[in-house]
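Numbering (the numbering used here), first residue to last: 12 to 427.
Below is the structure:
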């Protein structure tokens, strides 16, 4: 579609090359293509085949769930391959924060806390924490009928690092892959997350398939003994690498060299003698299916597992790679409360069960544990009290069943 653009200024630059500039108003309805509207300044240089655009673009789609904002940018644009630069911190022309990805609604009212989707959309509140976003370039794939945001390199080679977000203009579903920020602060015991996610406009729900690494500042020996005993239990299926996103998580958390060696050791040699360093400071679980929890019967809001199984990759430096029964809940609270929490329960079929309840209050984290494993309990209890404390963190066994009772209620289970 040929469009006439009024040029306000034509001159020679210092190298005696012709340069020209003009402005396109919002009212003109100018389009870079059918998918991208534009208004703002344009700069044409005789020495360059591309036109520089300095203004704002808006994506054209009919998905009602996604408010369409003008995204501010400055870049040369190739009309045959439109790629618009996008920063992770996105703003419109007025400088207001906008987002593409999934976001937590931060609210004093617990009933309002939820995950909501965005695609170049305004945040409900400017301080809402972003769970997953992407930067790089914004483009449209006509074959897949989707807008995409991600690093240029990753579009050319999917094994490269980087987050990707996709909005399908036919189904209006939003999905992505990459590093995930749970939107919660666990202080001295952070939880690293990587995964794939999808927002379903029909159900207004978001489902995530995650690999999680729970970092813990504890005496590792009692915890590694859990791995030793789990390996002795017969009949438990080992990990199927094709059904988890662990390899891609290792690329993001470390690099492709580490990921390739891990995959080679596991699939070809049949064993991984040394757990990658990036995983060795805690407990790693993969194949965790999780979604936003917004049940009207409960005051709690957060993320909850839906499948009840996961693959236990390792406990510190001890490899396991076995499927186990797993329930997990991340409690999302108002940011002003300075109190985040997760509860993790897992059991080895035919073996023992373990419950970890971690609470972050202001700057201090506390891990309470219960288990049917007598040896594990004895090992923890034998550690001197001062050894179970460090700066802003402490851990110990507990006999307060209320933590387990409240946790199992969320899953519709009674205490065993």
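Glycine included, every Cβ here is placed at the ideal spot set by N, Cα and C.
If you're wondering where the values come from, they're calculated on a predicted model, not measured in any experiment.
Cα-Cα separation, residue i to residue j
i, j, result
"residue 271", "residue 424", "40 angstroms"
"residue 427", "residue 195", "Caution applies to residue 427, whose pLDDT of 48 falls short of 50 and renders its modelled position unreliable; the value that the coordinates give is listed next. Cα to Cα, residue 427 sits roughly 30 angstroms from residue 195."
"residue 53", "residue 337", "56 angstroms"
"residue 293", "residue 49", "49 angstroms"
"residue 310", "residue 417", "11 angstroms"
"residue 391", "residue 234", "9 angstroms"
"residue 28", "residue 210", "50 angstroms"
"residue 389", "residue 367", "16 angstroms"
"residue 268", "residue 275", "11 angstroms"
"residue 312", "residue 340", "9 angstroms"
"residue 14", "residue 179", "28 angstroms"
"residue 151", "residue 265", "30 angstroms"
"residue 12", "residue 41", "10 angstroms"
"residue 158", "residue 80", "14 angstroms"
"residue 296", "residue 45", "44 angstroms"
"residue 247", "residue 360", "7 angstroms"
"residue 160", "residue 97", "8 angstroms"
"residue 191", "residue 262", "14 angstroms"
"residue 225", "residue 260", "14 angstroms"
"residue 170", "residue 25", "44 angstroms"
Cβ-Cβ separation, residue j to residue i (assumed contact under 8 angstroms), whole Å
i, j, result
"residue 333", "residue 322", "7 angstroms"
"residue 459", "residue 198", "What the structure shows of the chain is the stretch from 12 to 427, and residue 459 is not part of that stretch, so it cannot be assessed."
"residue 131", "residue 111", "6 angstroms"
"residue 61", "residue 88", "6 angstroms"
"residue 362", "residue 241", "6 angstroms"
"residue 408", "residue 380", "5 angstroms"
"residue 237", "residue 84", "About 51 angstroms separates the two Cβ atoms, so there is no contact after all."
"residue 376", "residue 414", "Between residue 414 and residue 376 the Cβ distance is about 15 angstroms, and since that is not below 8 angstroms, they are no contact."
"residue 82", "residue 142", "Not confirmed; about 20 angstroms, so no contact."
Test item: CB-CB of residue i and residue j under 8 angstroms
i, j, result
"residue 305", "residue 125", "yes"
"residue 165", "residue 175", "yes"
"residue 153", "residue 117", "no"
"residue 200", "residue 228", "yes"
"residue 101", "residue 95", "no"
"residue 205", "residue 222", "yes"
"residue 86", "residue 64", "yes"
"residue 324", "residue 378", "no"
"residue 384", "residue 365", "yes"
"residue 218", "residue 129", "no"
"residue 203", "residue 188", "no"
"residue 342", "residue 356", "no"
"residue 283", "residue 330", "yes"
"residue 99", "residue 144", "yes"
"residue 147", "residue 163", "yes"
"residue 455", "residue 230", "This structure leaves residue 455 out entirely; the chain is present only between 12 and 427."
"residue 314", "residue 307", "no"
"residue 67", "residue 23", "no"
"residue 20", "residue 47", "no"
The alpha helix (DSSP H) enclosing residue i, as first and last residue numbers
i, result
"residue 261", "257–264"
"residue 237", "231–243"
"residue 130", "Unbroken run through residue 130 is the beta strand (DSSP E), 126–133; no alpha helix (DSSP H)."
"residue 414", "413–421"
Residue i Cβ short of 7 angstroms to the ligand NAD heavy atom set
i, result
"residue 394", "No copy of the ligand NAD occurs in the structure displayed, which carries no ligand at all."
Residue i: first and last residue of the uninterrupted beta strand (DSSP E) it sits in
i, result
"residue 88", "82–88"
"residue 77", "Where residue 77 is concerned, there is no enclosing beta strand (DSSP E), given that its DSSP letter is neither H nor E."
"residue 120", "Element bounds for residue 120: n/a, residue is neither H nor E."
"residue 38", "Per DSSP, residue 38 belongs to no beta strand (DSSP E) and is neither H nor E."
"residue 406", "404–408"
"residue 147", "147–152"
"residue 49", "47–56"
"residue 319", "Element bounds for residue 319: n/a, residue is neither H nor E."
"residue 393", "Per DSSP, residue 393 belongs to no beta strand (DSSP E) and is neither H nor E."
"residue 110", "108–115"
"residue 61", "Taken as a continuous stretch (DSSP letters only), residue 61 belongs to no beta strand (DSSP E), as it is neither H nor E."
task: Return the chain-ordered ranges of every beta strand (DSSP E) run that is complete within the segment 325–391 and spans a minimum of 3 residues.
output: 329–342, 350–358, 364–372 and 375–382
query: Can you list, in chain order, the stretches of the beta strand (DSSP E) that have 3 or more residues and sit fully within the segment 156–230?
result: 157–161, 175–179, 185–191, 202–211 and 216–226
Segments assigned beta strand (DSSP E), at least 3 residues, entirely inside the segment 264–304: 293–304
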